[in-house]
DNA sequence: ATGCCGGGCGAAGCCCGA
């Protein structure tokens with residue numbers, strides 16, 4: 211089972227890219243962010259024609275998150291529990307894959323803009339509620355869970371091109387990173403980092419100043435696996451190809467492949483080649 | 001210090017992203 215996350219920066223503008231990627235990568239579940247459209251404007255016919263069910267939480271112009279899945283999606287929650295928010299930044303549902311299904315969430319964490327902006331305390335408050343809700347999602351140990359999205363946090367120095375230049379700024383601020391680590395300490399695993407030790411692997415490149423061409427990016431899009439999901443982890447990676455297309459999103463998909471059953475010899479920390487053994 | 005690019009909105013130029 212392949213699950214992916216992708217901030218598409220307008221689903222309307224990126225629908226062709228999304229449909230192409232669904233056909234090429236054949237993911238079973240895709241967590242989308244920045245739809246930038248209202249829920250009733252979701253391109254349902256095109257997504258369903260591609261073979262996917264969907265659940266969306268949209269709003270006009272900004273934000274918006276969705277779940278695409280090859281199986282039905284049930285028990286959908288819109289909005290981050292415990293956090294009053296007019297902005298559409300969280301959707302959660304159960305996908306009927308496997309014996310117990312898998313609980314998934316798509317999250318679009320606020321950017322924060324700058325440390326002195328009023329949007330920065332909003333980001334931290336969102337993250338506090340996220341830390342709390344992530345803990346509660348681990349309560350059902352019989353069912354794997356995956357939280358994926360645009361976290362707007364580069365967790366470690368190897369996750370951005372200029373950590374010294376970014377030190378203390380939003381996306382690499384100690385208060386953001388501390389909250390990201392708090393979620394890992396609960397028992398969630400960063401799927402990409404579990405299988406890749408190397409620095410310099412990014413999921414977002416600014417449109418401006420030739421950042422893509424210079425490979426000056428940040429790894430801010432993540433898939434977090436519950437212990438039950440982590441024990442099934444076979445592979446994970448960042449697919450750079452969509453970022454190189456014309457009219458690309460500034461983010462590119464991050465994916466993970468989970469086995470149907472927990473694996474006793476889970477490849478945690480092992481090279482990719484051994485993971486497939 | 002600011003703009004760079006790109007999308008939305010809406011029909012020019014501003015807001016916003018990260």
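Numbering (this note's numbering), first residue to last: 211 to 487. The beta-carbon is built from N, C-alpha and C at its ideal position, and this holds for glycine as well. All of these numbers come straight from a predicted model, not from anything done at the bench.
Counting the other Cβ atoms within 10 Å of the Cβ of residue 418 gives fewer than 16, which makes it exposed. Restricted to the stretch 256-284, not a single alpha helix (DSSP H) segment is unbroken, complete and at least 4 residues in length. Here the stretch 345-365 lies against the stretch 430-446, with 3 or more beta-carbon pairs under 8 Å apart. Considered as a whole, the stretch 334-405 harbours 355-360 as its complete beta strand (DSSP E) runs of no fewer than 3 residues, in chain order. Using a 10 angstroms sphere on the CB of residue 374, the tally of other CB atoms stays under 16, which defines it as exposed.
Here the alpha carbon of residue 389 sits roughly 34 Å from the alpha carbon of residue 250. Residue 244 carries a coil assignment under DSSP once its states are collapsed to helix, strand and coil. Annotation: the continuous beta strand (DSSP E) that includes residue 317 extends over 312-318. Under DSSP, residue 219 shares a beta bridge with no residue.
Rounded to whole angstroms, residue 467 and residue 344 show a C-alpha spacing of 21 Å.
Counting only the Cα atoms, residue 282 lies some 41 Å from residue 420.
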